[in-house]
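Q: Right, I'll just put the structure down here and ask away after.
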């Protein structure tokens, strides 16, 4: 999943089999509403990805930053239903679901068992938007990304419900969300330029960063979005680690290093790329919230609204050049020409429930660790816990 416009799936022969699909004619009203830029023609055997004079789209793979011209499809989609406690065993059917085809080349860089991407961005044909229209439910979705990517454990995504969201701790996390406004970037930036279209991605109003309650020296103009769409703070599930504009990154790591000295942490002279600040793991005490290191607060629109980043989200365990185990600060230098000044990456989102409320234009966030559970601990079996 990513904050892109179009849902897409690999339609290579044999990869996508459907008897219920149909194509969208080029230049039709629906095609225009999809912001199509081209017609699509195909001279192979007719199938899900091959119809002449059909609506052409440009699905994107943001991991490898690639796109291609492909055909728009309409089909029926089924989603598992939950009551917030567990799976009910029902399937929610979404008829006339619009998506784009692709071919196998667009799967590069994605996990082996992935056949496409769900579009979660700001768009009338995103997955949450289409589900909302069918069921008359609020256009809201929530993500809880797991912190153990090397296992088969899964996180969870909720669509079109404000809650409840119960995990194994028995706590409804929807009642513990802290909210900050979502901000629209007026200038979209995609691989294919859609003139005068706002960004489909999600921005928030970060106003300062604190480490152990001490403020990082930041030029405030970098934290606002200018008329050309530069600056501000964006959320990105495909960016592994939070990136900071160089003029933010330098004072950030300097303060982090200074605060780490109060914990008697030994800085490694051989950090592991892409990280610059690493500590010998033998010096780092581990807690429920991960390695005990200086705590980072991402302060939003008000001083009392902040996203607390514990060691579990700020640090990455790696092996050094000579086999030593290190804890490295999982924030990286985004360069001095970064389009977005702060990009909050997947590592920092792990084991946090994030609710994107597009009705009220706000982001709700809460650490699940603070409630004695993990994102992998939602009950995916039928029935109550």
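Residue numbers (our numbering): 608 to 992.
No residue lacks a Cβ here, since even glycine has one placed at the ideal position from N, Cα and C.
All figures in this text were calculated on a predicted structure; none of them were measured in a lab.
#1: In whole angstroms, give me the CA-to-CA distance for residue 878 and residue 678.
#2: Assign residue 941 to buried or exposed, taking buried as 16 or more other Cβ atoms, counted over all protein chains shown, within 10 Å of its Cβ.
#3: Given residue 932, which residues of its chain have a CB within under 7 Å of its CB, disregarding the five upstream and five downstream residues?
#4: Return the chain-ordered ranges of every beta strand (DSSP E) run that is complete within the segment 662–703 and spans a minimum of 3 residues.
#5: So what does residue 962 bridge to, in DSSP terms?
#6: In this structure, how does DSSP classify residue 991 when only helix, strand and coil are distinguished?
#7: Going by other Cβ atoms of all chains shown within 10 Å of its Cβ, with 16 needed for buried, is residue 920 buried or exposed?
#8: Pick helix, strand or coil for residue 977, following the three-state DSSP scheme.
#9: Please report the residue range of the alpha helix (DSSP H) in which residue 612 lies.
#10: Hey, out of 834, 787, 817, 733, whose CA is closest to residue 807's CA?
#11: For the beta strand (DSSP E) that contains residue 787, what are its first and last residues?
#12: So the candidates are 726, 731, 922; which of them puts its Cα closest to the Cα of residue 637?
#13: In whole angstroms, what is the alpha-carbon distance linking residue 972 and residue 768?
#14: Here's the rule: buried if 16 or more other CB atoms are within 10 angstroms of the residue's CB, otherwise exposed. What is residue 825?
#15: Less than 8 Å between the CB atoms is what I'm expecting for residue 797 and residue 710, so what's the real figure, rounded?
#16: Given that a residue counts as buried once 16 or more other Cβ atoms are within 10 Å of its Cβ, and exposed if not, what is residue 715?
#17: Would you be able to state if there are at least three C-beta pairs under 8 Å between the segment 864–879 and the segment 840–851?
#18: Which residues in the same chain as residue 613 place their Cβ atom closer than 6 Å to its Cβ, once the five residues preceding and following it in sequence are excluded?
#19: Under 8 Å, do residue 754 and residue 981 count as touching if we go by C-beta distance?
#20: Enumerated in chain order, which unbroken segments of the alpha helix (DSSP H) with a length of 4 residues or greater are wholly contained in the segment 872–935?
#21: Restricting to Cα atoms, I'd like to know which of 721, 742, 719 is closest to residue 699.
#22: If you measure between the beta carbons of residue 936 and residue 985, is that distance less than 8 Å?
#23: Should residue 914 and residue 976 be called a contact, given that it needs their Cβ atoms to be closer than 8 Å?
#24: Can you tell me the Cα-Cα spacing of residue 992 and residue 775, whole angstroms?
#25: Helix, strand or coil: how does DSSP classify residue 832 here?
#26: How many Å lie between residue 704 and residue 686 at the Cα?
#27: Using 8 Å as the threshold, is the C-beta distance between residue 713 and residue 668 below it?
#28: Tell me, please, which residues DSSP counts as bridged to residue 636.
#29: Whole-angstrom Cβ separation of residue 599 and residue 948, contact assumed at under 8 Å?
A: On the basis of the data shown:
#1: By one-based count along the chain shown, residue 878 stands at place 271. By one-based count along the chain shown, residue 678 stands at place 71. So the alpha carbons of these two residues sit roughly 46 Å apart.
#2: Here residue 941 corresponds to residue number 334 of the chain shown, with the count starting at 1. Under this definition residue 941 is a buried residue.
#3: Within the chain shown, numbered from 1, the residue matching residue 932 stands at position 325. Counting only Cβ-Cβ distances below 7 Å, and skipping sequence neighbours, we find 888, 924, 926.
#4: 677–689
#5: Here the question's residue 962 lines up with position 355 in the chain shown. Answer is 749, 971.
#6: What you label residue 991 is simply residue 384 of the chain shown in a count that begins at 1. Here residue 991 scores only 43 on pLDDT, less than 50, and its place in the model is too uncertain to base an answer on.
#7: Here the question's residue 920 lines up with position 313 in the chain shown. By the 10 Å Cβ count, residue 920 comes out buried.
#8: Locating residue 977 in the chain shown gives position 370, counting from the first residue. It is helical.
#9: One-based indexing of the chain shown puts residue 612 at position 5. Segment: none, residue 612 is in no alpha helix (DSSP H) and carries neither H nor E.
#10: Indexing the chain shown from 1 puts residue 807 at position 200. The shortest C-alpha separation from residue 807 is found at 733.
#11: Against the chain shown, residue 787 aligns to sequence position 180. Its beta strand (DSSP E) spans residues 785–790.
#12: In the chain shown, counting from the first residue as 1, residue 637 sits at position 30. The shortest Cα separation from residue 637 among 726, 731, 922 belongs to 731.
#13: As a first step, residue 972 is located in the chain shown; it is residue number 365 there, counting from the start. As a first step, residue 768 is located in the chain shown; it is residue number 161 there, counting from the start. Roughly 15 Å between the two C-alpha positions.
#14: Working through the chain shown from its first residue, we reach residue 825 at position 218. Result: buried.
#15: Here residue 797 refers to the residue found at position 190 when the chain shown is read from its first residue. Here residue 710 refers to the residue found at position 103 when the chain shown is read from its first residue. Actually they do not touch by this definition, with Cβ atoms about 19 Å apart.
#16: Looking up residue 715 in the chain shown gives position 108. With fewer than 16 other Cβ atoms within 10 Å, it is exposed.
#17: no
#18: Counting from one through the chain shown, the residue named residue 613 turns up at place 6. Answer for residue 613: 664, 666, 707, 726, listed in chain order.
#19: On the chain shown, residue 754 is found 147 positions in, with the first residue counted as 1. On the chain shown, residue 981 is found 374 positions in, with the first residue counted as 1. Their beta carbons are under 8 Å apart, which means residue 754 touches residue 981 by this criterion.
#20: 918–921
#21: In the chain shown, counting from the first residue as 1, residue 699 sits at position 92. The residue from 721, 742, 719 with its alpha-carbon nearest to that of residue 699 is 742.
#22: Residue 936 sits at position 329 when you count from the first residue of the chain shown. Residue 985 sits at position 378 when you count from the first residue of the chain shown. No; because the gap between Cβ atoms is not below 8 Å, this pair is not in contact.
#23: Sequence index remark: in the chain shown, residue 914 carries index 307 (1-based). Sequence index remark: in the chain shown, residue 976 carries index 369 (1-based). Result no, Cβ atoms of residue 914 and residue 976 do not sit closer than 8 Å.
#24: Residue 992 sits at position 385 when you count from the first residue of the chain shown. Residue 775 sits at position 168 when you count from the first residue of the chain shown. Note that residue 992 scores 38 on pLDDT, short of 50, meaning its location in the model is unreliable and no value can be drawn from it.
#25: If you number the chain shown from 1, residue 832 lands on position 225. Coil.
#26: The residue you call residue 704 lines up with position 97 of the chain shown. The residue you call residue 686 lines up with position 79 of the chain shown. Approximately 12 Å between the Cα atoms of the pair.
#27: In the chain shown, counting from the first residue as 1, residue 713 sits at position 106. In the chain shown, counting from the first residue as 1, residue 668 sits at position 61. Inclusion of residue 713 and residue 668 in the CB contact set at 8 Å is warranted, their separation being smaller than that value.
#28: Indexing the chain shown from 1 puts residue 636 at position 29. Answer by DSSP bridge pairing: none, since residue 636 is not bridged.
#29: Residue 599 lies beyond the residue range present for the chain, which begins at 608 and ends at 992; the question has no answer from this structure.
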